[in-house]
Amino acid sequence: MVAHGVPAFGQGMSVTGVGPVNRAMGGAGTAAPLDAIGALHWNPASISYLEKSEVSFGMEGLLADVSLTSDVAGLGVNSTSGEAGVSIIPSVGWVDHLEGTNLTIGMGVYGVAGFRNNMPADPNNPLLANGPVFADTEMMQIVPTISYRINENWSIGIAPTLSAARMMFDPLGPSAVTPTATPGSGNRVHWGGGVQGGIYYASPNCWRAGFTIKSPQWFEEFRFFTPSGVVGFDLDYPMILSGGLAYYGFERWVFAADVRYFDFANTQGFDTLHWNSVFSMAAGAQYRLSELWTLRAGYNFNENPISSNAAFANVSTPLIQQHNISTGVGCMLTDGVELNLAYVYLVNNSLTGPLPSPPFSPGDTLTHEISAHSLVLGLRINY
Numbered sequence: 003m004v005a006h007g008v009p010a011f012g013q014g015m016s017v018t019g020v021g022p023v024n025r026a027m028g029g030a031g032t033a034a035p036l037d038a039i040g041a042l043h044w045n046p047a048s049i050s051y052l053e054k055s056e057v058s059f060g061m062e063g064l065l066a067d068v069s070l071t072s073d074v075a076g077l078g079v080n081s082t083s084g085e086a087g088v089s090i091i092p093s094v095g096w097v098d099h100l101e102g103t104n105l106t107i108g109m110g111v112y113g114v115a116g117f118r119n120n121m122p123a124d125p126n127n128p129l130l131a132n133g134p135v136f137a138d139t140e141m142m143q144i145v146p147t148i149s150y151r152i153n154e155n156w157s158i159g160i161a162p163t164l165s166a167a168r169m170m171f172d173p174l175g176p177s178a179v180t181p182t183a184t185p186g187s188g189n190r191v192h193w194g195g196g197v198q199g200g201i202y203y204a205s206p207n208c209w210r211a212g213f214t215i216k217s218p219q220w221f222e223e224f225r226f227f228t229p230s231g232v233v234g235f236d237l238d239y240p241m242i243l244s245g246g247l248a249y250y251g252f253e254r255w256v257f258a259a260d261v262r263y264f265d266f267a268n269t270q271g272f273d274t275l276h277w278n279s280v281f282s283m284a285a286g287a288q289y290r291l292s293e294l295w296t297l298r299a300g301y302n303f304n305e306n307p308i309s310s311n312a313a314f315a316n317v318s319t320p321l322i323q324q325h326n327i328s329t330g331v332g333c334m335l336t337d338g339v340e341l342n343l344a345y346v347y348l349v350n351n352s353l354t355g356p357l358p359s360p361p362f363s364p365g366d367t368l369t370h371e372i373s374a375h376s377l378v379l380g381l382r383i384n385y
């Protein structure tokens, strides 16, 4: 008996924010453009309201702690821990206010989704008795952006998105991709694209509001090279709707909150995998302690798109994050140059579901368990 490997993107593997500033804010950024990376990612219209032109860089190291437990009649409870190692997620953002015009342009390049699982063979765990299970997926986006400031209070923005994704699974099946277990780690980077649009409002009384639509990322067919030939699977990245509010009314403080909707149920590939569409919520606060130091904290909540009945189908990719807690600090190194650091903790979460019968017996179950730590370091340069 061997675990499935199913290609999967989602809020479960989608980072809750991008760059050290936005990650420290819990991913809240649709109405709070605090740096170029977060503004470009969550609302193209909001880049008009960045205080200055800037270039921002970020690098995240994410370490996930994953375990897989089987409860099988006659064999008892057996748990195996994975050794995924550290995943690296880069981010770059550039925004420039075109002098003498109402236009602001920008470019973002960042990792928006990814997951790695590396489970060793375990003769005591029937899910891993036939060998190890490996899953490695990542998705990058390139986002050229333009924003037009209509007046003092309103702006609109649009950004075509070019996405690159790579997925490796060993074994590839049995799954929705192929009915038999086979290596699937020989595939190349696959490309997709879409568009995102946004609107931003800055009221005279310190409130800010934003709304964005990210279209699905329509990918070419994912092709896996296997010993028996090429296996294809159609999978897109879902449409994402984001709405946000922010308040700038207290001196030195910024408060922000976002609500998002991920449309998995109507996205090619995820409908085959029976994923549910979900909502998520992000909230964050920033306090400028002095001209030198800035403090940030945030929280992110996600509904789980994977039901307990789909736990076995997603055994190599247990993307079940629910609660994320974050904190961060910024330090001005020189005039216009800020060093930013963030820490994010994915609170331990688990999902239990039935094992298929046959070959297992009714009542046999598996349990996914995951927690993760992220450290994000970055530099922001204003000009």
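Residue 3 is where the sequence shown starts when you use our numbering, and the numbers rise one by one after that.
For each residue, glycine too, the CB sits at the ideal point set by N, CA and C.
Since the model is a prediction, treat every value here as computed from it, not as a measurement.
A contact between stretches requires three or more CB pairs, one per stretch, nearer than 8 Å, and the region 246 to 256 fails this requirement with the region 111 to 129.
When rounded, the separation of the alpha-carbon atoms in Asn24 and Thr147 is 18 Å. Taking one beta carbon from each stretch, the region 217 to 225 and the region 249 to 259 have fewer than 3 pairs nearer than 8 Å; the two do not touch. According to the DSSP assignment, Ile152 belongs to no alpha helix (DSSP H), since it is labelled neither H nor E. The alpha-carbon of Ser352 is positioned some 18 Å away from that of Ser16.
Ala33 and Ala211 do touch by the CB rule: their CB atoms are close to 5 Å apart, below 8 Å. The residue among Met334, Met142 and Met170 with its C-alpha nearest the C-alpha of Val111 is Met142. For Asn24, the enclosing alpha helix (DSSP H) stretches over residues Gly21 to Ala26. The DSSP assignment places complete beta strand (DSSP E) segments of no fewer than 3 residues inside the region 21 to 81 at 56 to 74, in order along the chain. For a cut-off of 8 Å, the C-beta gap from Trp44 to Gly31 is around 4 Å, short enough to register as a contact. When secondary structure is reduced to three states using DSSP, Ser310 falls in the helix class.
By DSSP's assignment, Ala166 forms a beta bridge with Met142 and Trp193. Scanning the region 329 to 363 for uninterrupted beta strand (DSSP E) segments of 3 residues or longer gives 339 to 356, listed from N- to C-terminal end. Contact annotation: the region 366 to 379 touches the region 335 to 355, with at least three C-beta pairs closer than 8 Å.
By alpha-carbon distance to Leu381, the top candidate from Asp236, Ser230, Gly95 and Pro358 is Gly95.
In this structure His325 is exposed. Its beta-carbon is surrounded by fewer than 16 other beta-carbon atoms within 10 angstroms.
Secondary structure at Ala258: strand, using DSSP grouped into helix, strand and coil. In the structure shown, Asn268 falls within a helical segment according to DSSP collapsed to helix, strand and coil. Straight through space, the alpha carbons of Leu105 and Trp156 are spaced by roughly 12 Å. Taking the Cα of Ser58 as reference, the smallest distance to any Cα among Asp73, Gly338 and Phe303 is reached at Gly338.
The C-beta distance from Met61 to Ile90 rounds to 7 Å, short enough to fall under 8 Å. With respect to the 7 Å criterion, Ala38 and Ser149 are not classified as neighbours on the basis of their beta carbons. Closest by C-alpha distance to Tyr202, out of Ser217, Asn153, Phe227 and Tyr239, is Asn153. With a beta-carbon spacing of about 7 Å, Ala299 and Ser328 fall inside the 8 Å limit used to define contacts. Minimum Cα-Cα distance from Pro356 among the listed residues Val233, Ser292 and Ala313 corresponds to Ala313. For Tyr289, the enclosing beta strand (DSSP E) stretches over residues Val280 to Arg290. Contact annotation, Leu52 with Val97: C-beta distance approximately 6 Å; criterion of less than 8 Å satisfied. Burial check for Val191: the Cβ neighbour count within 10 Å stays below 16, so the residue is exposed. Glu56 and Asn342 do not touch by the CB rule: their CB atoms are close to 12 Å apart, not below 8 Å.
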